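Only one structure is covered here, and it is reproduced in the block below.
Numbering (UniProt numbering), first residue to last: 1 to 686.
This is the structure in C-alpha cells:
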C-alpha cells in the first residue's frame, strides 16, 4: 500500500472525520480567498506578472514535470513562480495563479475533486502564512520601483522566514490529512515530512527572490529559471523513485521484506496507542501465503512462465487486499498486513476473503495453470509483539495448514509443538552470539580427502554449540530454530569470522587446504555476507581461494535469480561456491551451467548405498558424469566404509568425506590428526 497512490481515495474507516477536516481546510481557505478578492486585485499587472503566471502553469504540466500519474513529489514546481508573484505583486495574484496551477496538475494527475480542492486550500493557507510574516515585518510587495532591488536585498532574512512559515504550514496541513487517512503517529509523520521535503521545497521557495531580481534586470532572464527548476524537480522525483524501488520487489512491484517490516513496526506502534486509548479495533494481522506447486511450474515450464505466474498472483492479491499492504518475501511467498481488527475471528475472515484470488486458474500462453496456496495468520498482540515474532508464528500456521491439507490456519500454540522450547533456545542462541567469549559456539572440521592421492585437500566447518544448561545441541535442531529468524544472520557472520580466523591461526600447519562453510539462501539475498567475507579475508590476509561456501540445492533452486548477484560477487572475489546435498532437489541443468559453481556434493543418502544398491550406484555415477561434463568438482558425503570408497574411486569421484576417513574434530585435534596422517601416508608411499 503506497500512500502516494491511496491519497486519491477515501479512507475505509473514519471517512467522516477525514472529510470534515478537508472541508474545514477548504472553507477557511475560501474565506481568505474571498476576503483577498474583496480587498482588491490590481487592475493592470505588468508583463513580469504574466510571464510568472505562464511559467507557473507550465511548470505543473506533464511536458515539464516529465512524471507519470503515479508520481507523488513533495510540492508542485509552480510554487517557485507563485512565491515570486507573492513577493512582487502580493497575496491575491499569487494565490489565483497557484489555484490555476493546481487545476492543471489535478487534470493531468486525475485527482478527485476533493483532493484538488484540498491541494488548492493547503497552498492558499501556506501563502497566507507567508504573507502574514511579510506584513508583520512591514515588507510590502516589491513592485516595480527602481529601488525594488535594494528593498528586496534588505528583506532577504524575512523572505527566508516567510518561506519557512509557508513550508511548515503546508506540511502541517498535509501531515494531518495523511494521519487521518492512514493512521499512525502524527508527530512522527510530520517530522518525516519536514525532513524529506525540506531540500526540494526549500530550493523552490528560495529561488523566488532570484526570479524577482532577474525580472527587474531583464525579463528575458526569467525563463532561464526553468532549467534549474527542471533539475530540482527531476532530482526530487529520482530520489523518490529510488526510495520506492528500495522498498519494492523488482519482479512484482509489491513491497519487499524491508517495506513489510517497516509497515508492521509502524502498525504495531499505532495499535499500541489505539489499545491505550481503548479502541476496539486495536489488532493487526500478518498473513503469510505460500503457493502450492510453484516449483513444479518452474521446473516444467521454465522460470519465465514462473515469473509471469508470480506477477499475476501479485496482481490478484493486490486487488483482493484493497488498502492493505501486500508484499513478496521471495520465491513464492507473499505477505499481507491487515490493520484495525477487532479480534482473531475477524482476522481469519479477512484472510478467507483473500483466498478467492487463487481460485481461478491463471492462463499463460494458452495453458490454464491451477494456483493454490496456504495462508498462515498471526495476530498482534496475541501471537507476538514484533515483526519477527509475527512472521515466525504466521509461518508455523501456514505449514500447519499445509499439513492438514487446508488452505488457511490461524497460529495456535498447540500446533507449534516446540514453540516454548524453540523460543527459549533461540533467545539463548542470540545471547551466545552476542557474547564475544565463552559462548559455547565453535566449529568442528571434517577432512575432505582426494580419492586419487589420499591427500587431505579440504575441510568442512560444522557448527557445534554447547548450551550452558542443556549441553550439546543437535546441529539440525539449531539450524531449524535459527533459519527463519534474524538470528540466522548473526550465526552466519559468526561462522564466517571463526572459519577465516582459524585459517589464519593455523598458518602453514594447514597447508593450502580449503575450508567450506554452510550458508542459508537467506544469507545470500543481500550483499552483506560478501562484504563481511571480503573484509575478514583482508584483515587476516587469507587467500580467498581457501574459502568455499556451501548452499543446499533445494534452497538455491527455489529462487536462483535473487542470489545470483551475491554469488557472482563472491566468485569475482575468488571464493568458491559448492552445491550441497546434490541429488535431493530438482536442479535445472540450465542453472547448473549458469550459476558460478565450482563443486557439487553428492548427498549421503545416495552414497550410503552405493556399494550395495545398484540403483544408488547408477545414480551416483550419473551425477559424477554430469558434474564432470560441466567442469565441476565432485565431493561424496557420508563415506563410512572401504567398499563405498572403492566404488567412488572407480566411478571417478574427486573428493570424499565421512567417518571412514575421520569424524569432525575441533581445531587443535585436527592438526594432530593431520600430522599423524601425513606421517602414515609418507611411510606408506615409501
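For each residue, glycine too, the CB sits at the ideal point set by N, CA and C. Computed from a predicted structure; not experimentally measured.
Asked	Found
Three-way DSSP call (helix, strand, coil) for residue 678 in this model	helix
Where the beta strand (DSSP E) containing residue 337 begins and where it ends	333–341
Contact under 8 Å by Cβ, residue 529 with residue 523	yes
Three or more C-beta pairs below 8 Å linking the stretch 359–376 and the stretch 308–318	yes
Neighbour flag for residue 517 against chain B, beta carbons, 8 Å	Structure shown: chain B not included; a single protein chain is present.
Selected residue, minimal CA-CA separation from residue 126, among 477, 191, 33 and 259	33
Counterpart residues of residue 447 in DSSP-defined beta bridges	459
Rounded separation between residue 17 and residue 31 - CA only	21 Å
Distance between residue 196 and residue 624 (C-alpha atoms, nearest Å)	57 Å
With 16 other Cβ atoms within 10 Å as the buried cut-off, status of residue 339	buried
Straight-line gap, residue 142 to residue 96 (C-alpha atoms, nearest Å)	Since pLDDT at residue 142 reaches only 49, below the 50 mark, its modelled position is unreliable, and no value is offered.
Cβ neighbours of residue 74 in the same chain (closer than 6 Å, five flanking residues each side left out)	In this predicted model, residue 74 has a pLDDT of only 49, less than 50, meaning its place in the structure is not dependable; the value taken from the coordinates is given anyway. Hits under 6 Å: 197, 200 and 201.
Residue closest to residue 328, alpha-carbon to alpha-carbon, out of 247, 428 and 175	247
Alpha-carbon spacing of residue 231 relative to residue 216, whole angstroms	24 Å
Cβ pair residue 310, residue 224 closer than 8 Å	no
Close-in-space but distant-in-sequence residues of the same chain around residue 630 (CB under 7 Å, 5 per side omitted)	592 and 593
Simplified DSSP state of residue 111, which is helix, strand or coil	coil
Three or more C-beta pairs below 8 Å linking the stretch 443–455 and the stretch 653–671	yes
Same chain only: Cβ atoms within 6 Å of residue 81, ignoring 5 sequence neighbours per side	52, 55 and 56
CA-to-CA distance, residue 377 to residue 672, given in whole angstroms	53 Å
Where residue 365 falls: helix, strand or coil (DSSP)	coil
Pair within 8 Å by beta-carbon distance, residue 564 and residue 544	no
Inter-residue Cα distance where the pair is residue 473 and residue 481	11 Å
Bridge partner(s) assigned by DSSP for residue 291	373
Alpha carbon of residue 4 to alpha carbon of residue 111, nearest angstrom	Because the pLDDT at residue 4 is just 43, under 50, the model does not fix this residue reliably, and the value given afterwards should be weighed accordingly. Each residue's Cα considered, the two are about 12 Å apart.
Continuous beta strand (DSSP E) assignments of at least 3 residues falling wholly in the stretch 196–255	none
Nearest to residue 464 (by Cα), restricted to the options 451, 455, 456 and 429	429
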